[in-house]
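*Asks:*
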Amino acid sequence: MMKDIEEVLVPREQISEMVKSLGKRISEDYAGEDLVLVGVLKGGFIFLADLMREITIPVDMDLIAVSSYGASTRSSGVVRIIKDIDLDIVGKHVLIVEDLVDTGLTLSHLKDLFNTRGPKSVKVCTAFDKPSRRKIEIEIEYNGIEVPDKFIVGYGLDYAGRYRNLPDVCTLKEEIYEKEL
Ligand code: IMP
Ligand code: MG
């Protein structure tokens with residue numbers, strides 16, 4: 234797996250600092266409130282697990298699964314819910330926890346969906362942000378690290394289902410994308 238890496242773009246230490254600082258802000262901002270963290274599967278699970286442990290106020294959590302890119306590195310623009318959350322979010326603050334915001338289509342769709350269910354608020358927390366690729370304007374209240382317009386893997390992010398377990402965020406060698414996985 235290591236031989237497939239071209240470059241480490243965001244080292245684990247920097248990711249860890251970002252997670253700590255977001256966890257602190259969230260703990261302060263939602264103190265005394267009913268907060269539900271909703272992790273977006275599959276990519277968001279590592280960030281959610283780390284972020285939760287940096288939050289010092291009581292929180293509930295749930296998971297939602299949306300369609301992925303398949304083996305492609307570009308968004309299809311079609312957002313499909315594969316697994317919905319189980320929790321009732323009426324009167325609760327919802328914080329959507331994403332691995333990366335690219336076009337913004339996934340988050341915009343999820344925000345609209347949750348807003349139809351009577352929550353007190355719906356906000357967004359992302360580990361990584363590719364603002365150059367945005368197709369739809371979306372407010373990100375908790376934004377981790379800005380990344381360039383390159384396809385990245387690691388820390389939950391995959392290429393064709395692989396490399397999610399890399400602790401650093403990396404780019405892959407060109408030949409990996411050309412190869413059938
Ligand atoms: P979008 O904002 O709707 O375009 O999609 C964002 C989702 O696409 C992210 O949550 C990732 O799962 C996936 N994605 C976008 N860019 C990358 C990338 O560079 N590597 C891996 N997954 C990506
Ligand atoms: Mg995702």
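Residue numbers (the working numbering): 234 to 414. A virtual CB, placed ideally from N, CA and C, is assigned to each residue, including glycine. None of these values were measured; they are calculated from a predicted model.
Quick check: what's the CA-CA separation for residue 350 versus residue 342?
*Replies:* Indexing the sequence shown from 1 puts residue 350 at position 117. Indexing the sequence shown from 1 puts residue 342 at position 109. C-alpha separation (whole angstroms): 13 Å.
*Asks:* In this structure, does DSSP put residue 300 in helix, strand or coil?
*Replies:* In the sequence shown, the residue the question calls residue 300 occupies position 67. DSSP places residue 300 in coil when its eight states are reduced to three.
*Asks:* Between residue 407 and ligand 1, is the CB less than 7 Å from at least one heavy atom?
*Replies:* Residue mapping note: residue 407 aligns to position 174 of the sequence shown, counting from 1. Incorrect: residue 407 has no Cβ contact closer than 7 Å to ligand 1.
*Asks:* In or out: residue 357 buried (at least 16 other Cβ within 10 Å) or exposed?
*Replies:* For the purposes of this step, residue 357 is taken as the residue at position 124 of the sequence shown. It counts as buried.
*Asks:* Please state the DSSP three-state secondary structure of residue 266.
*Replies:* The residue you call residue 266 lines up with position 33 of the sequence shown. Note: residue 266 maps to coil in three-state DSSP.
*Asks:* Would you report the Cα separation of residue 234 and residue 324, rounded to the nearest angstrom?
*Replies:* In the sequence shown, counting from the first residue as 1, residue 234 sits at position 1. In the sequence shown, counting from the first residue as 1, residue 324 sits at position 91. Residue 234 and residue 324: Cα-Cα distance of roughly 45 Å.
*Asks:* Which of the three DSSP states is assigned to residue 250 in this structure?
*Replies:* Locating residue 250 in the sequence shown gives position 17, where the first residue counts as 1. If DSSP states are grouped into helix, strand and coil, residue 250 belongs with the helices.
*Asks:* Examine ligand 1 and report whether any of its heavy atoms sits within less than 7 Å of the Cβ of residue 330.
*Replies:* Within the sequence shown, numbered from 1, the residue matching residue 330 stands at position 97. No; taking the cut-off as 7 Å, the Cβ of residue 330 has no heavy atom of ligand 1 nearer than that.
*Asks:* Could you check whether the Cβ of residue 276 sits closer than 7 Å to any heavy atom belonging to ligand 1?
*Replies:* By one-based count along the sequence shown, residue 276 stands at place 43. Flag set: Cβ of residue 276 near ligand 1.
*Asks:* Below 6 Å CB to CB, which residues in the same chain sit around residue 241 once its five sequence neighbours on both sides are set aside?
*Replies:* Indexing the sequence shown from 1 puts residue 241 at position 8. Answer for residue 241: 401 and 403, listed in chain order.
*Asks:* Taking all protein chains shown into account, decide if residue 266 is buried (16 or more other Cβ within 10 angstroms of its Cβ) or exposed.
*Replies:* On the sequence shown, position 33 is the one that residue 266 refers to. When all chains shown are included, residue 266 counts as exposed.
*Asks:* Look at the alpha carbon of residue 244 and the alpha carbon of residue 236, and state the distance between them as a whole number of angstroms.
*Replies:* The sequence position of residue 244 within the sequence shown is 11, counting from 1. The sequence position of residue 236 within the sequence shown is 3, counting from 1. If you draw a straight line from the Cα of residue 244 to the Cα of residue 236, it comes to about 17 Å.
*Asks:* Run through DSSP, which three-state label would residue 288 get?
*Replies:* To locate residue 288, count along the sequence shown from 1; it is residue 55. It is coil, neither helix nor strand.
*Asks:* Taking all protein chains shown into account, do 16 or more other C-beta atoms lie within 10 angstroms of the C-beta of residue 321, making it buried, or fewer, making it exposed?
*Replies:* In the sequence shown, the residue the question calls residue 321 occupies position 88. Exposed, because fewer than 16 other Cβ atoms sit within 10 Å of the Cβ of residue 321.
*Asks:* Would you decide whether residue 360 is buried or exposed? Buried here means 16 or more other CB atoms lie within 10 Å of its CB.
*Replies:* Translated into the one-based positions of the sequence shown, residue 360 becomes position 127. Looking at its Cβ environment, which holds 16 or more other Cβ atoms inside 10 Å, residue 360 is buried.
*Asks:* Can you check which of these residues, 261, 406, 392 and 369, is closest to residue 287 by C-alpha distance?
*Replies:* Locating residue 287 in the sequence shown gives position 54, counting from the first residue. Considering only alpha carbons, the answer is 261.
*Asks:* Our contact map puts residue 296 next to residue 272 with C-beta atoms below 8 Å; I'd like the distance itself, whole angstroms only.
*Replies:* Residue numbering aside, residue 296 sits at position 63 when the sequence shown is read from its first letter. Residue numbering aside, residue 272 sits at position 39 when the sequence shown is read from its first letter. Confirmed, Cβ separation roughly 5 Å.
*Asks:* Using 8 Å as the threshold, is the C-beta distance between residue 326 and residue 354 below it?
*Replies:* Residue mapping note: residue 326 aligns to position 93 of the sequence shown, counting from 1. Residue mapping note: residue 354 aligns to position 121 of the sequence shown, counting from 1. Yes, these two residues count as a Cβ contact at 8 Å.
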